[in-house]
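*Asks:* One structure is given below, represented as structure tokens, and several questions about it will come after.
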Amino acid sequence: MTDFFGSLSKIKYEGPDSDNPLAFHHYNPDEMVMGKSLKDHLRFAVAYWHSFAWEGGDPFGGRTFDRPWFGDEMAKAKLKADVAFELFDLLGAPFFCFHDADVRPEGRNFAESLSNLNEIVDYFEEKMESSETKLLWGTANMFSNRRFMSGASTNPDPDVYAYSAATVKSCMDATFRLGGQNYVLWGGREGYETLLNTDLKKELDHMGRFLNMVVDYKHKIGFKGTILVEPKPQEPSKHQYDFDAATCIGFLRKYGLEGEVKLNLEQGHAILAGHSFEHEIAVAAADGMLGSIDMNRNDYQSGWDTDQFPNNTPEVALAYYHILKSGGFTTGGTNFDAKVRRQSLDPEDLVAAHIGGMDICARGLKAAAAMLEDGGLEKALSERYADWETDVNKDMLAKGSLESITERVLNEDINPQPRSGRQEILENLVNRFV
Ligand code: XLS
Ligand code: NI
Ligand code: NI
1281 MTDFFGSLSK IKYEGPDSDN PLAFHHYNPD EMVMGKSLKD HLRFAVAYWH
1331 SFAWEGGDPF GGRTFDRPWF GDEMAKAKLK ADVAFELFDL LGAPFFCFHD
1381 ADVRPEGRNF AESLSNLNEI VDYFEEKMES SETKLLWGTA NMFSNRRFMS
1431 GASTNPDPDV YAYSAATVKS CMDATFRLGG QNYVLWGGRE GYETLLNTDL
1481 KKELDHMGRF LNMVVDYKHK IGFKGTILVE PKPQEPSKHQ YDFDAATCIG
1531 FLRKYGLEGE VKLNLEQGHA ILAGHSFEHE IAVAAADGML GSIDMNRNDY
1581 QSGWDTDQFP NNTPEVALAY YHILKSGGFT TGGTNFDAKV RRQSLDPEDL
1631 VAAHIGGMDI CARGLKAAAA MLEDGGLEKA LSERYADWET DVNKDMLAKG
1681 SLESITERVL NEDINPQPRS GRQEILENLV NRFV
């Protein structure tokens, strides 16, 4: 045991009336909702990068946190792992997620970075034997180091493409060894700053080829998890190729990857793309490509990806509504891709942030389940489309041509009468549950 969390002990569920700030008020892991425990519905994960690797910098100032594990030595990386697993345990977090760069010191070359990664994976493996926390997903950080400044698989330099392929292989191996349930690719630098120096078609082809290698390798090693791509429209690149769910789905189809790759959707990224989170979830679900979610929230005034912990039950409820409607998570889960603010220095802040996020998600999911069980929204939806169930309209959809339909419009004097979309009534219905 390290002494980082001092006297803090395992966080318990105490119910909404408890005034203990370090207790769950809404997340009771064992509570059954729609035949499944909250723990199994939500599948929470702690993100290693925000909670343990991020130093509290912003564009105007550097490190604000003073963690005993900051530094490049292997011993520090192990101390960081010790503290990380202590947080997982305090929270009863079923999962965690990591990038290679979060967990191991960067080496002087690829071989050294690889051996550092393997040493930490050994260490994780040992810790995971006695821990209840599993790996939701692993990923490669191919955006921080300067070698990736012009992209990873889309870099104009083939040596960077090669370095990226070797990096992804090493991270897939690590994820596989640790029993990871998914493998994520987020392409923060897969995009461009200016078209003046960018061959967009070439770069997209390279990215498509790269992702095909990832899928081939998954099958080769027998990794049973899901490969996930994470959309984001911009930041750090001015324009990112994986712009949003719809763009990614088109990309996956173009390169023959539908059925092989799903999406990891993030609340803040949806907002940056000009969508709501539930829009992104519904788009992915409609194509059977909903994989997992990164839960957080943006500051709506700043327009940045501020990665705050979620704090808005109505928003979260609509997201889980669409997740539950599509059958819930299989290999995916709710990863807190979220960090405490840079003034939140204390270990207690880290714990409280996760408690708050878990409570908000639990409230959202319970509200979503109650809305589904009530059935009012689904009923209104099926009523709105009910006329499509008549034989004549089914026929029109399946076999109609512009000529045959025109004939029917003329013969039957079809003269559509607009009907209310009832938006306010439906919003009021939602408000009964959130
Ligand atoms: C950044 C992304 C990143 C991915 C993992 O905005 O959300 O954290 O989730 O590389
Ligand atoms: Ni993000
Ligand atoms: Ni993310």
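With our numbering applied, the sequence shown corresponds to residues 1281 to 1714, in that order.
Note that CB positions come from ideal geometry on N, CA and C, so glycine has one too.
1) Can you check the stretch 1468-1538 for any beta strand (DSSP E) of at least 3 residues that lies completely inside it and give the ranges in chain order?
2) What's the gap between the Cα of Cys1451 and the Cα of Asp1617?
3) Could you spell out the range, first to last residue, of the alpha helix (DSSP H) harbouring Ile1260?
4) Just checking Asp1524 against ligand 2 - is the residue's beta carbon closer than 8 Å to any of the ligand's heavy atoms?
5) The beta strand (DSSP E) that contains Gly1571, what's its start and end?
6) Report the residue from Val1509, Leu1394, Leu1367, Phe1404 whose alpha carbon sits nearest the alpha carbon of Leu1491.
7) Quick one: measure Cβ to Cβ for Phe1285 and Glu1366, integer angstroms, because I've assumed they're closer than 8 Å.
8) Using a Cβ-Cβ cut-off of 7 Å (strictly less than) and excluding sequence neighbours within five positions of Phe1368, which residues of its own chain qualify?
9) Is Asp1297 helix, strand or coil by DSSP?
10) Please say whether Trp1329 and Asn1421 have beta carbons closer to each other than 9 Å?
11) I'd like to know if the stretch 1509-1521 and the stretch 1548-1565 are in contact, where contact means that at least 3 CB-CB pairs between them fall below 8 Å.
12) Any heavy atom of ligand 1 closer than 8 Å to the beta-carbon of Asp1617?
13) Is Trp1668 near ligand 3, in the sense that its beta carbon is under 8 Å from a heavy atom of that ligand?
14) Is it the case that the stretch 1619-1629 contacts the stretch 1336-1345, given that we only count it when at least three CB pairs across the two stretches are under 8 Å?
15) Which of the three DSSP states is assigned to Gly1554 in this structure?
16) Along the chain, where does the beta strand (DSSP E) containing Tyr1463 start, and where does it finish?
17) Confirm the yes/no value for this check: CB of Asp1297, any heavy atom of ligand 1, distance under 8 Å.
18) Take Ile1464 and list the residues in its own chain whose beta-carbon comes closer than 7 Å to its own, dropping the five residues that flank it on each side.
19) Hey, Glu1294 and His1305 are a contact pair by Cβ (cut 8 Å); roughly how many whole angstroms apart?
20) Do you know whose CA, among Met1569, Ala1648, Asp1587, lies nearest Leu1598's CA?
21) Any heavy atom of ligand 1 closer than 8 Å to the beta-carbon of Glu1546?
22) Could you spell out the range, first to last residue, of the alpha helix (DSSP H) harbouring Lys1261?
23) Roughly how many whole angstroms lie between the Cα atoms of Ala1660 and His1321?
24) Between Trp1417 and ligand 3, is the CB less than 8 Å from at least one heavy atom?
25) Since Thr1611 and Thr1506 are thought to touch, with beta carbons under 8 Å apart, how far apart are those beta carbons, to the nearest angstrom?
26) Based on Cα-Cα distance, which residue from Tyr1472, Met1493, Gly1701 lies nearest to Val1541?
27) Going by DSSP, what residues sit across from Val1326 in a beta bridge?
28) Quick one: what does DSSP say Val1541 is sitting in, helix, strand or coil?
29) My output table needs one value for Ser1331: the three-state DSSP class, helix, strand or coil.
30) Since Tyr1472 and Ser1444 should fall inside the 8 Å C-beta cutoff, what is the C-beta to C-beta distance between them, to a whole number of angstroms?
31) Terminal residues of the continuous beta strand (DSSP E) containing Thr1419?
32) So what's Gln1581 in DSSP terms, helix, strand or just coil?
33) Any idea what DSSP makes of Ser1393, helix, strand or coil?
34) Is the closest heavy atom of ligand 1 to the C-beta of Gly1431 under 8 Å?
35) Can you find a heavy atom of ligand 3 that lies under 8 Å from the Cβ of Trp1466?
36) When the distance is taken between beta carbons, is Val1631 closer than 9 Å to Ile1291?
*Replies:* In brief:
1) Within the stretch 1468-1538, the complete beta strand (DSSP E) runs of at least 3 residues are 1506-1509.
2) Translated into positions along the sequence shown, residue 1451 becomes position 171. Translated into positions along the sequence shown, residue 1617 becomes position 337. Going by the C-alpha atoms only, they are around 19 Å apart.
3) In the structure as shown, the chain starts at 1281 and stops at 1714, and residue 1260 therefore has no counterpart that could be examined.
4) By 1-based counting over the sequence shown, the position of residue 1524 is 244. No - ligand 2 has no heavy atom lying nearer than 8 Å to the Cβ of Asp1524.
5) Within the sequence shown, the letter at position 291 stands for residue 1571. Bounds of the beta strand (DSSP E) holding Gly1571 are 1570-1575.
6) Numbered from 1 along the sequence shown, position 211 holds the residue referred to as residue 1491. Out of Val1509, Leu1394, Leu1367, Phe1404, Val1509 has the C-alpha closest to the C-alpha of Leu1491.
7) The sequence position of residue 1285 within the sequence shown is 5, counting from 1. The sequence position of residue 1366 within the sequence shown is 86, counting from 1. Confirmed, Cβ separation roughly 6 Å.
8) Numbered from 1 along the sequence shown, position 88 holds the residue referred to as residue 1368. For Phe1368, the CB contacts under 7 Å within the same chain, skipping 5 residues up- and downstream, are Val1326, Phe1376, Ser1411, Thr1413 in chain order.
9) In the sequence shown, the residue the question calls residue 1297 occupies position 17. Residue state, collapsed to three classes: coil.
10) Position 141 of the sequence shown, counted from the first residue, corresponds to residue 1421. Position 49 of the sequence shown, counted from the first residue, corresponds to residue 1329. Yes, the pair counts as a contact, with Cβ atoms nearer than the cut-off.
11) Short answer: they touch.
12) For this step, residue 1617 is matched to residue 337 along the sequence shown. Yes, the beta carbon of Asp1617 sits closer than 8 Å to at least one heavy atom of ligand 1.
13) Numbered from its first residue, the sequence shown carries residue 1668 at position 388. Checking the Cβ of Trp1668 against ligand 3 gives no.
14) Segment contact: the stretch 1336-1345 against the stretch 1619-1629, three or more CB-CB distances shorter than 8 Å; contact assigned.
15) Locating residue 1554 in the sequence shown gives position 274, counting from the first residue. Coil, per DSSP.
16) If you number the sequence shown from 1, residue 1463 lands on position 183. Its beta strand (DSSP E) spans residues 1462-1465.
17) By one-based count along the sequence shown, residue 1297 stands at place 17. Asp1297: no, Cβ never under 8 Å from ligand 1.
18) Position 184 of the sequence shown, counting from 1, holds the residue named residue 1464. Contrary to the premise, residue 1464 reads as Val rather than Ile in this sequence. Here Val1464 has Trp1417, Thr1419, Leu1508, Glu1510, Asn1544 as same chain residues with Cβ atoms under 7 Å from its own Cβ, once five neighbours each way along the sequence are excluded.
19) Here residue 1294 is taken as the residue at index 14 of the sequence shown, counted from 1. Here residue 1305 is taken as the residue at index 25 of the sequence shown, counted from 1. Yes, they are in contact, since the Cβ atoms of Glu1294 and His1305 sit about 7 Å apart, within 8 Å.
20) If you number the sequence shown from 1, residue 1598 lands on position 318. Out of Met1569, Ala1648, Asp1587, Ala1648 has the C-alpha closest to the C-alpha of Leu1598.
21) Start at 1 with the first residue of the sequence shown, and residue 1546 comes out as number 266. Glu1546: yes, Cβ under 8 Å from ligand 1.
22) In this structure the chain extends from 1281 to 1714, so residue 1261 is not present and cannot be described.
23) As a first step, residue 1660 is located in the sequence shown; it is residue number 380 there, counting from the start. As a first step, residue 1321 is located in the sequence shown; it is residue number 41 there, counting from the start. In a straight line, the C-alpha of Ala1660 is about 26 Å away from that of His1321.
24) What you label residue 1417 is simply residue 137 of the sequence shown in a count that begins at 1. Not a single heavy atom of ligand 3 lies less than 8 Å from the C-beta of Trp1417.
25) The residue you call residue 1611 lines up with position 331 of the sequence shown. The residue you call residue 1506 lines up with position 226 of the sequence shown. With 8 Å as the limit, Thr1611 and Thr1506 qualify as a contact, their Cβ atoms being about 5 Å apart.
26) In the sequence shown, residue 1541 corresponds to position 261, counting from 1. For Val1541, the nearest C-alpha among the options comes from Met1493.
27) Taking the sequence shown and counting its residues from 1, one reaches residue 1326 at position 46. Phe1376, Phe1616, per the DSSP bridge assignment.
28) Locating residue 1541 in the sequence shown gives position 261, where the first residue counts as 1. Secondary structure at Val1541: strand, using DSSP grouped into helix, strand and coil.
29) Residue mapping note: residue 1331 aligns to position 51 of the sequence shown, counting from 1. Assigned with DSSP and collapsed to three states, Ser1331 falls in helix.
30) The residue you call residue 1472 lines up with position 192 of the sequence shown. The residue you call residue 1444 lines up with position 164 of the sequence shown. With a Cβ gap of about 16 Å, Tyr1472 and Ser1444 do not count as contacting.
31) The sequence position of residue 1419 within the sequence shown is 139, counting from 1. From DSSP, the beta strand (DSSP E) with Thr1419 extends over 1414-1419.
32) The residue you call residue 1581 lines up with position 301 of the sequence shown. Gln1581: coil per DSSP, three-state reduction.
33) As a working mapping, residue 1393 is identified with position 113 in the sequence shown. Here Ser1393 sits in helix by DSSP.
34) Counting from 1 along the sequence shown, the entry for residue 1431 is found at position 151. With a threshold of 8 Å, the Cβ atom of Gly1431 does not count as near ligand 1, since no heavy atom of the ligand is closer than that.
35) Locating residue 1466 in the sequence shown gives position 186, counting from the first residue. At least one heavy atom of ligand 3 falls within 8 Å of the beta-carbon of Trp1466.
36) Translated into positions along the sequence shown, residue 1291 becomes position 11. Translated into positions along the sequence shown, residue 1631 becomes position 351. In this structure, Val1631 lies closer than 9 Å to Ile1291 by Cβ.
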